[in-house]
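Line by line, the protein sequences are chains A and B. Each residue of the first sequence is one higher than the one before, counting from 228 in our numbering. Each residue of the second sequence is one higher than the one before, counting from 69 in our numbering. By construction, the Cβ of each residue, glycine as well, lies at the ideal position given by its N, Cα and C atoms. One structure is given below, encoded as structure tokens.
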Amino acid sequence: MVLKSLKYTLKTALTTTEVTRLYPEVMMELPANERGIHELDATTCIGCGSCARVCPNSCIELVPYKYGNPLKNRKMLFPQIDYGRCTFCGLCVDECPVSCLKMGKRTEIAGWDRKDIVYGPDRIAVKKFSDKEVAELEAEAKRQAEEKKKAAAAAAKEKAAKAKGKENKGKAKPAEGGEA
Amino acid sequence: MSAIQSAFPGSVLESRVESDRRLWITVDPKKLVEITQFLRDKKDFDHYSGAAGVDRINENLFEVVEILTSHGAHQVVVMMKVRVPRDKPSVRSLTGLYWNANWYEREIWEMYGINFEGHPELYPLLLPDELVGYWPWRKDFKGYPDTTTGERAIEQVGPDGYTEFKIMPHPEMIKAGVVPERPKYPTFREREEAEIKSDSEMIMHMGPQHAIVPGPFLLDLLIEGERVKKAFLDVGYIHKGIEKIMENRTYLQGIVYTDRMCYLASITNNEAYCGAVERLLNITPPERAQYIRVILAELSRIQSHLLGTGEFLTLLGAATYSPFQYMIIDREDLVYLMESITGARITHTFVRFGGVRNDLPDGFADKARPILKRMRERTEEYMDLLHSDPIYTRRMRGIGVLSPGDARRLGVSGPPLRASDTPYDMRREDPILVYPDLDFKVVTRKAGDAEARVEVRLEEILESIHIIEQCLDQIPEGPIQEKLPKKIKPEPGEAYYRVEDPRGEMGFYVISDGSEKPYRVKVRGPVYAYMQALPPLLEGAYVADVVAIAGSMDACTSEVDR
């Protein structure tokens with residue numbers, strides 16, 4: 228009887244392929260869906276904070292960061308993730324309205340200090356703008372803001388004029404101006 | 069329903085028939101025991117599934133919900149509520165009718181302060197002694213953080229040389245005169261020492277840290293010679309209060325916590341919670357999502373059984389052919405398969421209300437089939453090996469026998485119950501998802517001993533493989549997520565949903581008050597029921613067999629102390 232189990236051992240030893248992983252040298256192959264460290268696309272993030280709101284452990288905080296898109300993200304706030312608390316549940320990824328937050332295949336987080344494992348937007352951003360692009364975008368944002376201001380002023384003027392004329396039709400027009 | 073009303077006119081205050089399997093009734097507290105006895109004796113409600121306390125603070129009431137079901141005679145679950153006023157709450161205990169009401173009532177007592185008249189041992193179960201009397205799960209409990217506990221502790225050395233720490237009440241409490249009155253009860257040690265009757269008996273501790281236990285719990289054995297005379301169980305070392313945490317999280321965030329109750333069964337826990345919330349939201353997931361859920365639930369069952377069995381065999385010293393290593397190797401394939409769907413190895417957070425998170429990856433079926441085929445061959449080999457191993461057989465056969473009657477009385481479920489010749493499986497009893505469309509058989513054994521329990525588990529692996537293969541053949545194309553409202557705010561109401569965990573009957577009872585957060589979540593876990601049944605099972609066994617018996621139950625302390 229014992230022989231039978233020994234036979235089984237031998238069979239396994241001879242036929243099964245090697246299962247030991249050479250981990251620090253060779254990382255195992257991770258599937259495409261792996262939920263590892265986040266990957267932030269800073270060029271599309273709108274800084275809405277829905278990831279921070281849905282996080283069950285409130286480990287996401289919005290912090291200022293330079294290399295984003297000021298046209299979309301007006302306050303230039305981007306998620307910072309505290310991996311000391313993160314449970315890798317992926318709710319933040321599901322909740323993101325512009326799908327700019329993903330989870331990647333990187334999984335090694337260890338650090339010497341708790342501060343080391345708080346990853347700011349600079350450490351999780353995989354796509355970001357360069358200095359030059361940011362400057363251009365900022366100029367663009369400024370220009371747009373000014374245009375908007377002008378448009379708003381014009382709309383206000385128009386509205387005032389319409390209000391003087393006491394026309395009911397005028398109600399729709401200023402609204403259009405505001406949107407532009 | 070009408071039978072109850074005609075038998076007890078006037079004592080049923082409210083009733084609601086949700087479906088042909090759920091019946092909600094509110095009864096008069098004075099008639100509780102009589103109605104329960106009527107249900108048990110006349111209507112075959114022989115399985116006491118659990119009880120939940122609810123603090124209805126707005127109505128100034130406490131509610132105790134007793135969950136009664138039957139072992140196969142019919143499929144109705146009765147949710148019987150009793151309402152008692154908030155000052156001096158007291159309910160009559162059901163321990164006289166159902167042995168396993170004991171722990172459920174103890175938990176309600178320590179968490180809510182609802183007294184149970186006629187309860188034989190109303191001692192704290194999960195809470196530390198310092199917290200008893202504060203009734204932490206009441207809605208008006210101010211709670212932590214109280215960082216002064218350490219400063220208030222006073223060290224005392226008792227006459228027997230033990231050092232005890234006594235925690236004094238908060239100075240402000242003393243000043244205001246609102247020091248809660250501590251209930252008087254003997255401590256765990258006093259209780260067990262009171263049982264020592266002669267000099268030939270002694271108490272042996274196993275735990276809180278011990279090789280046999282899957283997490284910290286204390287098993288104290290009162291032994292006389294080689295025999296266990298009585299066993300005492302102390303749990304609550306890692307009590308996390310997940311039910312209370314979930315009251316403070318939104319419905320979506322709650323899914324994350326269900327994972328952490330028992331990491332081997334995280335998919336089924338997700339499933340149970342999401343199913344209950346789906347009932348509240350009145351949605352059904354699309355068919356493809358249901359199939360994906362079934363596939364994952366069964367994969368998770370296989371890996372749980374493999375790890376549970378493998379770990380248990382190492383405890384028995386089955387070293388000649390190290391089955392643990394083999395099972396871990398096999399399990400790795402399955403875990404990888406699950407990871408390729410969900411993205412996580414053990415804590416999946418995968419099931420969503422009305423669907424699932426991800427679709428199956430491309431070529432999943434092709435990848436899964438060879439693994440399942442190999443798994444089937446290996447499982448058959450394990451069964452053959454264990455069967456032919458004389459050491460194993462001698463250690464397991466006839467050990468820790470649970471007769472069918474006892475198993476039902478003690479309230480266990482899952483493989484231990486099925487090993488005792490009771491075909492009680494939630495997939496059959498309370499079918500969910502696409503289980504009615506699938507062909508599988510409920511594995512049972514007649515013997516009821518430790519060997520039968522392991523055999524049931526191994527054979528269930530084969531059944532699970534069969535189910536997954538059917539699912540892979542039948543799975544339709546289509547959406548995987550039902551449309552949800554932007555904010556998940558179920559209508560006020562309540563739902564109870566059961567699934568078959570790898571370890572048994574897992575139920576979630578969720579109450580909604582119409583806000584974003586659940587009003588109350590009650591978890592009816594299978595291991596809680598096992599653990600409660602462990603002391604009577606160990607009585608009369610040899611010390612050497614304790615490991616075989618306790619290990620064959622495949623417990624998970626994390627879920628008991630959820």
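Taking the alpha carbon of residue i as the reference point, which residue from the options has its own alpha carbon closest?
i, options, result
"B/I548", "B/R425, B/E519, B/V511", "B/R425"
"B/E189", "B/W205, B/L199, B/A169, B/W203", "B/A169"
"B/I641", "B/M329, B/K297, B/D288, B/Q321", "In the structure displayed, chain B extends from 69 to 630; residue 641 of chain B sits before or after that span and is not available."
"B/L129", "B/L107, B/R89, B/Y180", "B/Y180"
"B/W167", "B/V615, B/Q600, B/I617, B/D629", "B/Q600"
"B/E219", "B/W203, B/L405, B/E519, B/P237", "B/P237"
"B/F209", "B/D581, B/V133, B/L136, B/K312", "B/K312"
"B/V511", "B/A518, B/V502, B/P504, B/A487", "B/A487"
"B/L470", "B/T410, B/A609, B/F418, B/A412", "B/A609"
"B/R250", "B/H115, B/Q277, B/T94, B/D197", "B/D197"
"A/F356", "A/E252, A/C272, A/V246, A/T242", "A/C272"
"B/R257", "B/I242, B/M574, B/Y230, B/H278", "B/Y230"
"B/H416", "B/I335, B/Y577, B/M494", "B/I335"
"B/R206", "B/E584, B/I182, B/R571", "B/I182"
"B/R571", "B/T377, B/G466, B/D507, B/K110", "B/T377"
"B/L453", "B/K555, B/P227, B/P391", "B/P391"
"A/P324", "A/T236, A/K391, A/E261, A/R280", "A/R280"
"B/I414", "B/R444, B/I351, B/S372", "B/S372"
"B/V567", "B/R259, B/E263, B/E366", "B/E366"
"A/T314", "B/T326, B/L506, B/E261", "B/T326"
"A/E335", "A/M303, A/V320, A/G311", "A/G311"
"A/E261", "B/S408, B/P491, B/F418", "B/S408"
DSSP three-state call for residue i: helix, strand or coil?
i, result
"B/E223", "strand"
"B/S372", "helix"
"B/I135", "strand"
"B/A563", "strand"
"B/R413", "coil"
"B/F300", "strand"
"A/Q307", "strand"
"B/Y503", "helix"
"A/A383", "helix"
"B/V628", "helix"
"B/S83", "strand"
"B/F432", "helix"
"B/Y577", "strand"
"B/Q393", "helix"
"B/P458", "helix"
"B/P484", "helix"
"A/T270", "coil"
Can you tell me the Cα-Cα spacing of residue i and residue j, whole angstroms?
i, j, result
"B/W177", "B/D123", "12 Å"
"A/G405", "A/A378", "Its pLDDT being 41, under 50, A/G405 is placed unreliably in this model, and the coordinates cannot settle the point."
"B/L526", "A/N296", "56 Å"
"B/E355", "B/Y596", "33 Å"
"B/M406", "B/P353", "20 Å"
"A/K354", "A/C327", "10 Å"
"B/D457", "A/K231", "9 Å"
"B/P192", "A/A259", "47 Å"
"B/F113", "B/L162", "13 Å"
"A/E385", "A/Q371", "20 Å"
"B/I397", "A/G317", "28 Å"
"B/E263", "B/K156", "32 Å"
Excluding the 5 residues flanking residue i on each side, which residues of the same chain have their C-beta closer than 8 Å to its C-beta?
i, result
"B/V611", "M272, L289, I291, E294, R295, V296"
"B/R89", "Q143, V144, V145, D498"
Can you name, in chain order, every residue of its own chain whose Cβ lies under 6 Å from the Cβ of residue i, other than the five neighbours on each side?
i, result
"A/I351", "H265, L267"
"B/V524", "P483, R486, A487, V511, R513"
"B/K234", "I222, Q224"
"B/E86", "none"
"B/G411", "none"
"B/V133", "A120, M147, K149"
"B/D302", "F256, L286"
"B/R151", "L129, E131"
"A/G397", "Interpretation of A/G397 is limited by its pLDDT of 47, a score under 50 that renders its predicted location unreliable; no figure is taken from the coordinates."
Q) Taking the runs of the alpha helix (DSSP H) that are 4 residues or longer, which of them lie wholly in the region 144-220 of chain B? A) Entirely contained in the region 144-220 of chain B, the alpha helix (DSSP H) runs reaching 4 residues are, in chain order, 169-180, 217-220.
Exercise for the section: Counting only runs of 4+ residues fully inside the region 335-359 of chain B, write out the alpha helix (DSSP H) ranges in chain order. Expected result: Correct list: empty.
Unbroken alpha helix (DSSP H) runs of length 4 or more, entirely within the region 275-302 of chain A: which are they? Taking only runs of at least 4 residues, the alpha helix (DSSP H) segments lying wholly in the region 275-302 of chain A are 277-281.
- [ ] Entirely within the region 88-139 of chain B and at least 3 residues each: give me those beta strand (DSSP E) ranges in chain order.
- [x] Listed in chain order, the complete beta strand (DSSP E) runs (minimum 3 residues) inside the region 88-139 of chain B are 90-95, 115-124, 129-137.
At what residue ranges does the region 325-374 of chain A contain a whole run of the alpha helix (DSSP H), taking only runs of 4 or more? Runs found: 348-351.
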